[in-house]
Amino acid sequence: MKTNLLRTDAHARAALISDIHYDVALDITGADTFTARTTITFNSGEGETFFDLLADSFEATLDGTLIDDRTLQLSTGQHELTVTSTHSYSHTGEGLHKFTDPADGKEYLYTQFEPAYAQLVFACFDQPDLKATYDISVTAPSKYVVVLNEETSRAENSDGTATTSTSISYPLSTYLIAVCAGEYESVHDTYSDEQKTIPLGLYARASLMEHLDADRLFRETKEGFAYFHENFGRPYPFGKYDQIFCPEYNMGAMENVGAVTLRDEYVFTSEPAPYRIERRNDTILHEMAHMWFGDLVTMKWWDDLWLNESFATWSAAIAQAEATEFTNAWVTFASVEKAWAYAADQLPSTHPVGADAPDIETAEQNFDGITYAKGASVLKQLQAYVGRDEFFAGVRKHFDNHAFGNAEFADLLGALEETSGRDLSDWSQQWLRTTGVSRLYPEIAADSFTVVQESEVQRTHRVGVGIYSLIDGAVRRTHHVEIDITGERTEVPEFAGVAHDLALVNDEDLTYCLMGLTEEHMDFVLEHLGRIEDPMARTLCWSAVWEAVRDGRLPAREFVKLVARFGANEDQPAVQERIVAQATTAVKNYVDPDWQAQGFDLLNHAFRGAQPAAIYDRALSRLRLDNDSIRYFRELLENETNQEVRWLVLTALIAAGELDADAAEQEEDPSSEGEVSRLRARAVVDKRWAWDEIIAGERSNLALRFLMDGLTFNDRGLEGLTDEYFRVAPELWERLSNEMAQRTLEGIYPLWDVSEEAVAKADEFLAGDIPAGLRRIISEGQDRVARSLRNRIVDAAAAESATGDGA
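In my numbering, the protein residues as written are 734 to 1540.
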């Protein structure tokens, strides 16, 4: 099943048709299939176009005349297209997904339509600039609750079914329509201020409701509305606001108008790590920001996907920092989002923030660290460049100009130029139409302090420069200045000759760059990082060390030692989780294999029993366990009642050969999480079975995720799968949907095979005639393997140098 609308075709269709209204009647009473009867009225000019539909079967009439396919021959005037279609329920998280909870047998359905999956459920013109109004009805078993975008009415039928209906009277893109149905349970509240009263709802499956922390979720939702009402200049533009926690969900969440869907792992069934609470709050605010940017004002085409996602990412971070308990949200952003962006921007597939998207397939692959995190970083830089008040004024003007319509980045840029008085054309070209990360680093002499920009594109940066010194056992900032970086070298005369121990040339993380350290400053950080008082400065140093490792400027073992020494004392939850994951990557992929055992020993000792356990026990489970860690996990298994922890420990002990795989089957856990955890536990030891299950492509999206996690849990039993990967990749790409093909081929890329031979096999594959989307996946995987090879060489060379020096 492939959907790949071309931009040229979409533009031609948008020029031909207008004034669209959908009347959609869904019948979801069938066990395996559902039906849709869709009537579309629209105006058109004279010409040929098409409608979008992926169905098991369909019949269509145009103005009462039967048509054979999806082609529409149109005369000027109003038309009526009626399509009756039959569809299979999805088990991949696309279209209309159906799930049966093994805990109680109850059924749940939800839709996911972005970027172009509405056509899996009803006939439509599935592109963002063909907004329409809607009448939607859903006939379902009477025991089902049905949640739609707006308030609904319900009529009971005589056959044990009920029909739930709603109307959407404002223009809305097809990808923002939502249908959630099933035996959901719910709680309700209301947000009210001087601007608007908004009904609020939280929905989850029955087996999770006892764990739903509704008070916190409602409080965080209200904090978001208060902040955005104050800063966006207009109230929430729609009616009610429901948040539905959905099973087997592919992403974090989706901004459907009035019916936001979220992954139900956000209903915490055990004590979560603090970062997971912060991350969920970020997701809630991200989707809420989309109600204005994305839903009220929508991109014309997927070229401007970045603006939707970047704006929501930036909005969530600033709202968290200014309106919630997560006041260090920008520290989290610097650690988590920036790392994602830096990694994506150094891949061979890097693209401008404002990326070209000639088709849907390309757009889907651009849901990446550049579109989300780099774009948000650029918006943060733009806010610093034009000023906070001017930035928000421009955003409000943009909403006023394009409410309920479509817009492009040029429209937002024009509004920002008007409110700031700045010409932003050069800035836009530098930041949005180019690729790569600038590297900023200090060059210090006795009587000068210079910030050097190392970049293929010389960008203008608004940065903070801070200098720090070790004072009374703590590293504190003594001087700070904000400056504009232009060109290759920028003097900072204020700091010439000023004594210091450390200089940060992106102090407070205003810009998007790799922040370099001098050799002396790097040595200081490796010795004193734990003494840096300011959380942002400390985070920037963690990031600088990690990026130096990835870049081959620092041996990977130095980062492993740094985390082993200072990681447990890091007080920022997101940073702690990030550095622990990075240290695990370093010891598995980047250190010299001859030192790997020492690295595992260091991390076993550092992680075992460290707090918070939700971070460190999870990280420990992914290591090659030593005897003390095995004993620690056996004690946990004997005493732990938290089911999530039990599965983690069981899987680690099975992977270590300390328990038989049958132990997973004997674990009493009837939940859906238990069901997929058993698959993962088997996959860690039966790699051939796991591989075959993944390649077959018949498991649900959640089961696939756990199978791939088990397959790659450790590197044992993976011999020979590199060749097999390249053999099956083309067939998987053709057979699976865009979403599932991408997830599968990325998830099982042979990153475990860090060898010149593996790089050469990828080269041979890439020399063939393969689709662009598949080429991107392979080239990214190859680049990661090549980086691991390079960093192992750097690490080994440093060890040899140290040995030579010692002799």
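Here a beta-carbon is modelled for each residue, glycine too, at the ideal position from N, C-alpha and C.
Ile1204 sits exposed, since fewer than 16 C-beta atoms from the chains shown fall within 10 Å of its C-beta. Of the other Cβ atoms in all chains shown, 16 or more fall within 10 Å of the Cβ of Phe1059; this residue is therefore buried.
The DSSP-derived three-state label of Pro874 is strand. Cys913 has Tyr843, Val880 as its beta-bridge partners, per DSSP. Here Asp1402 is not bridged, per DSSP, to any residue. Excluding residues up to 5 positions away in sequence, Cys857, Asp859, Thr907, Tyr908, Ile910 lie with their Cβ nearer than 7 Å to the Cβ of Ala851 in the same chain.
Val1170 is positioned such that its CB atom lies no closer than 9 Å to that of Val1184. Glu981 sits in coil when the DSSP states are folded into three classes, being neither helix nor strand. Residue burial is scored here from C-beta neighbours: Ile1177 has at least 16 other C-beta atoms within 10 angstroms and is therefore classed as buried. For secondary structure counted as the alpha helix (DSSP H) over 4 or more consecutive residues, the region 932-980 holds these complete runs in sequence order: 947-965. For secondary structure counted as the alpha helix (DSSP H) over 4 or more consecutive residues, the region 1287-1352 holds these complete runs in sequence order: 1289-1299, 1306-1318, 1329-1340. Rounded to the nearest angstrom, the gap between the Cα atoms of Asp1442 and Val878 is 34 Å. Judged by DSSP secondary structure, Ser1153 falls within the alpha helix (DSSP H) whose first and last residues are 1142-1153. If the five residues before and after Thr794 are omitted, its C-beta is found closer than 7 Å to the C-beta atoms of Ile800, Thr815, all from its own chain and listed in chain order. DSSP places Gly1263 within a helical segment (H, G or I) once states are collapsed to three. By the criterion of a C-beta distance shorter than 6 Å, Gly1514 is surrounded in its chain by Tyr1482, once the five residues flanking it on both sides are discounted. Taking C-beta atoms under 8 Å as the contact rule, Thr768 and Tyr755 fail to qualify, at a distance of about 16 Å.
Ala1330 has its alpha-carbon roughly 45 Å from the corresponding atom of Arg938.
Counting only runs of 3 or more residues that sit fully inside the region 1016-1103, the beta strand (DSSP E) segments are 1030-1032, in chain order. In this chain, the beta strand (DSSP E) harbouring Leu1203 covers 1194-1204. The C-beta of Asn1434 has 16 or more other C-beta atoms within 10 Å across all chains shown, which makes the residue buried. Looking from the CA of Met1024, the closest CA among Ala1067, His962, Met984 belongs to His962. As the crow flies, the alpha-carbon of Glu988 is around 24 Å from that of Asp752. For Ile753, the uninterrupted beta strand (DSSP E) segment begins and ends at 750-760.
In the structure shown, Ser1003 falls within a coil segment according to DSSP collapsed to helix, strand and coil. Distance check between Leu842 and each of Ala748, Tyr982, Asp926 places Tyr982 closest, using alpha-carbon atoms only. Secondary structure at Ile1503: coil, using DSSP grouped into helix, strand and coil. As computed with DSSP, Met1248 is found in a beta bridge with Leu1173. DSSP places Pro1463 in no beta strand (DSSP E) but in the uninterrupted alpha helix (DSSP H) bounded by 1454-1468. The C-beta distance from Pro1007 to Pro1306 rounds to 4 Å, short enough to meet the 8 Å contact threshold. Between the alpha carbons of Met1269 and Glu1241 lies a distance of about 6 Å. Assignment of Ser1181 by DSSP, reduced to helix, strand and coil, places it in the strand class. Contact between Pro980 and Ser1404 fails: their C-beta atoms lie close to 10 Å from each other, not under 8 Å.
The beta carbon of Asp1448 is closer than 7 Å to those of Trp1485 in its chain, skipping five residues each way along the sequence. Residue Leu1018 holds the alpha-carbon nearest to the alpha-carbon of Ala1054 among Asp1036, Leu1018, Val757. In the DSSP annotation of this structure, the continuous segment of the alpha helix (DSSP H) that includes Thr1384 starts and ends at 1376-1388.
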